[in-house]
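In UniProt numbering, the protein residues as written are 1 to 575. Think of the CB as a built atom: it goes at the ideal place given N, C-alpha and C, for glycine as much as any other residue. Computed from a predicted model, the values in this text were never measured in an experiment.
Pasting the structure below:
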């Protein structure tokens, strides 16, 4: 649109001959318009201000706009008692083209004022650059089974032709299984700046962790993708009313073949009749055998722990007092047959709603194998005790891999005495705790450092009061800011980052003790032995617990690095 405005306002710096019509100033798209202005958008709004009101028929007849292949195609209209001239082009101007607005000398003023000299002012339109496409979403999280998010594809300017955007999909979530994307491509019509698609989550057949949807751009027609465009949406998993919590194929001193075989379930909500559910054992990777065990008619409450066991009495003897943690114990004579390399399937009716392992793969040598051990789901993530970890024990409490339900609510996960390029003496000193069960008050826990093998110094640090939930990671650091910078984005893996108030003073040869109500419940290293040269030494490094067994990064493995990710020994939580 071109707009020619006629004004009788005075300019303080211009002396006006009242008999002359004088051009005062111009604007183009809101900016100052001078003769020869360049890089003008092909849709323009031009204001030209003169000294006096003009006769509109005379202006309309004499005014011309030329450029490109000749006269530009435009319409003329008048407004505001003929004091404003509006000129609208009938089509978009050509790219990278010079245009000239001309008004020849003549009498145009309403009171006979004369334009003494020919008036012209020129501009050049911008070179063609394709419109840029960007993506956005109106939600970053949606619930499973019916959650909705809107994806918007936007242009930074109108396009000359319809723009088609084909979407790409990625992330853990699978299109058509975990969610529907409708449509898979969108068209932004000429004259519009955006189009939308809808993501709708589905209830799949598996109880899983939260899954990420990543929507990107596979291709664009008649425009360009602005850099790399992606939006991420997290599907928040809705737990089934009943879920797998643990599977066991334990052996211990004196145990028979089947004594340690059991399946641990948890009710996520009240269930009036447990017999809706059943179990199946997919032996040796041979695929599903279907529902092999029907659970009994039984009413259970939300939070109830349920143990389906081959030999309940023998398991009770092995678990000791912990056996009371199970609200319901269901004995079975034959159906629980897993050997530690077999997948476990949980059924609702005839549908599999959760699987531990892979029904089509033998677990032998797989990371989910639990032969002579157990697997346990902690805050949605499965962990194992380590193959054969119960062998040689007499009780769960005496084993090297206590079943998590039976162990303390808070455990040591890692100890750190890292040094790196800018760490200083204390920047890498920290303790890493893992919450195994919901805790109402963390202040019943504390830590002590047994320096140089001199024996326990007792509890030297007490955690702050407050709750924590199953799966939480707690980092207690001598210099939280320093280690946060070294860990980078990985620091977000920790639900709590706490200042140790100088209590974390270990040098890598010192044992670390975890206390509960003033009593030592776990120790890394040996409080009575200087760790120098010992297998558990972690000087300039870290120690980390995997499947009940401790591993170290190697002495001084962080020296010379600037981040844990670039070091020779990235901290395992950051991998």
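In the three-state scheme derived from DSSP, where H, G and I count as helix and E and B as strand, residue 84 is classed as strand. Taking C-beta separations shorter than 8 Å and ignoring five residues to either side along the sequence, the partners of residue 547 in its chain run 383, 384, 385, 386, 389 and 401, following chain order.
In this structure, DSSP gives residue 40 an extended state, which the three-state scheme calls strand. Per DSSP, residue 133 lies in no alpha helix (DSSP H) segment; the continuous beta strand (DSSP E) that holds it begins and ends at 132-137. Residue state for residue 486 is assigned as helix, using DSSP reduced to three classes. Taking the C-beta atoms as reference points, residue 183 is found no nearer than 8 Å to residue 173. Where residue 305 is concerned, the enclosing beta strand (DSSP E) starts and stops at 305-309. Looking at 351, 473, 193 and 96, the one whose alpha-carbon comes closest to that of residue 125 is 96. Sorting 63, 62, 32 and 80 by C-alpha distance to the C-alpha of residue 53 places 80 at the top.
With respect to the 8 Å criterion, residue 503 and residue 461 are classified as neighbours on the basis of their beta carbons. According to DSSP, residue pairing for residue 368 in a beta bridge does not occur.
Less than 8 Å divides the Cβ of residue 304 from the Cβ of residue 267. Under the three-pair Cβ rule at 8 Å, the segment 500-517 counts as touching the segment 403-420. Within its own chain, the residues whose Cβ lies closer than 7 Å to the Cβ of residue 234, once the five positions on either side in sequence are excluded, are 140, 141, 210 and 212, listed in chain order. Distance check between residue 281 and each of 357, 396 and 380 places 357 closest, using alpha-carbon atoms only. At the C-beta level, residue 543 and residue 415 come within 8 Å of one another. The DSSP-derived three-state label of residue 64 is strand. Rounded to whole angstroms, the separation of the alpha carbons of residue 189 and residue 475 is 53 Å. Where residue 314 is concerned, there is no enclosing beta strand (DSSP E), although the alpha helix (DSSP H) around it starts and stops at 312-319. Its chain contains 279, 280, 281 and 335 as the residues whose beta carbon lies nearer than 7 Å to that of residue 292, once the 5 sequence neighbours on both sides are disregarded; these appear in chain order.
In the DSSP annotation of this structure, the continuous segment of the beta strand (DSSP E) that includes residue 552 starts and ends at 549-552. Using a 10 angstroms sphere on the CB of residue 250, the tally of other CB atoms reaches 16 or more, which defines it as buried. For residue 24, the enclosing beta strand (DSSP E) starts and ends at 23-28. Of the residues assessed, residue 245 falls on the buried side of the cut-off, its CB having 16 or more other CB atoms within 10 angstroms. For residue 142, DSSP records a beta bridge to 235. Following the DSSP letters along the chain, one finds residue 331 inside the beta strand (DSSP E) bounded by residues 328-331. When secondary structure is reduced to three states using DSSP, residue 59 falls in the helix class. Here residue 227 carries a coil assignment [DSSP, helix/strand/coil]. Counting along the chain, residue 161 sits inside no beta strand (DSSP E), nor does DSSP assign it H or E at all.
Shown here, residue 190 sits in coil according to DSSP, grouped into three states, outside any helix or strand. Taking C-beta separations shorter than 6 Å and ignoring five residues to either side along the sequence, the partners of residue 556 in its chain run 540, following chain order. Between residue 265 and residue 297 the beta-carbon gap is near 15 Å, outside 8 Å, which marks them as no contact. In the structure shown, the three-state DSSP call for residue 268 is coil.
Beyond the five residues adjoining it in sequence on each side, residue 115 comes within less than 7 Å, by CB distance, of 21, 103, 105, 106 and 108 in the same chain, given in chain order. Taking all protein chains in view, the Cβ of residue 494 is crowded by 16 or more other Cβ atoms within 10 Å, so the residue is classified as buried. By the C-beta criterion, the segment 465-479 is judged to be in contact with the segment 427-442, since at least 3 inter-stretch pairs fall below 8 Å.
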